[in-house]
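For reference, the structure is listed below as structure tokens.
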Amino acid sequence: MAGTYTSHFGINIPYGIAHSAKRPAPQAVTRIDDEVIFLAELSKKGSFTEISANLSSIFAEKTLNTFAAQPKKVHVQTRVALQEAYKSVLHKEFSEDIKYVELLLPVQVGDFTDFSVSRDHVTCVDSGCENDNKISSPKQCTPCYATAN
1 MAGTYTSHFG INIPYGIAHS AKRPAPQAVT RIDDEVIFLA ELSKKGSFTE
51 ISANLSSIFA EKTLNTFAAQ PKKVHVQTRV ALQEAYKSVL HKEFSEDIKY
101 VELLLPVQVG DFTDFSVSRD HVTCVDSGCE NDNKISSPKQ CTPCYATAN
């Protein structure tokens, strides 16, 4: 089943958090085809030495929050370094087939707000709450939002 989605992971470089039997500590990963590359380990081999952020520490964290908070320049440099590591086959030592890897929630969610003034969104929210397909009149002019912490 894993092979079904390999074409989705060639151009884009997705990030996630994962662990496996060989690598029980959760860490940052990426996926190219059906290979999951463990980035904390790869970064210790020097693939990211030209990048100003301490990626070996950041990629060893249990979430991607710190990496996501880095400036765009760091993300671009990381992408280039990953492409070079992949082309040179340096990543192989730090990779596993997707079938041996368990993906985990990649971010720590601190809070959540869904805000919309769209008529379609309000209709969907209203029908979900009230089990019908019409907007109750007060909601036609009131922005719809939900917050959770």
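So for the sequence shown, the UniProt record's numbering puts the first residue at 1; every next one is plus one. The C-beta atom is built at its ideal place from N, Cα and C for all residues, glycine as well.
Leaving out the 5 sequence neighbours to the left and right, which residues in its chain are closer than 8 Å to Ala2 when beta-carbon positions are compared?
In this prediction, Ala2 has a pLDDT of 49, which is less than 50 and means its spatial position is unreliable; what the coordinates show is noted afterwards. Non-local beta-carbon contacts of Ala2 in its own chain, meaning distances under 8 Å to residues more than five positions away in sequence, involve Asp34, Asp97, Ile98 and Lys99 in chain order.
Own chain, CB closer than 6 Å to Val107, minus 5 neighbours either side, in chain order
Listed in chain order, the non-local C-beta contacts of Val107 below 6 Å within the same chain comprise Thr63, Leu64 and Asn65, local neighbours out to five positions each way being set aside.
Considering Cα atoms alone, identify which of His75, Ala60 and Leu39 is closest to Ser52.
It is His75 whose Cα lies nearest to the Cα of Ser52.
Grouping DSSP H, G and I as helix and E and B as strand, with all else coil, what is Ala40?
DSSP places Ala40 in helix when its eight states are reduced to three.
Report the rounded CA-to-CA distance for Lys92 versus Ala69, giving the unit in angstroms.
Between Lys92 and Ala69, the alpha-carbon positions lie close to 28 Å from each other.
Along the chain, where does the beta strand (DSSP E) containing Ala18 start, and where does it finish?
Looking at the DSSP string, the run of the beta strand (DSSP E) that includes Ala18 is Tyr15 to Ser20.
Below 8 Å on the Cβ atoms is my contact criterion, and I expect Ala28 with Ile17 to pass it. Report the Cβ-Cβ distance as a whole number of Å.
Ala28 to Ile17, Cβ: 6 Å. Contact.
CB of Ala60 to nearest heavy atom of the ligand COA: below 8 Å?
The model depicted lacks the ligand COA and carries no ligand whatsoever.
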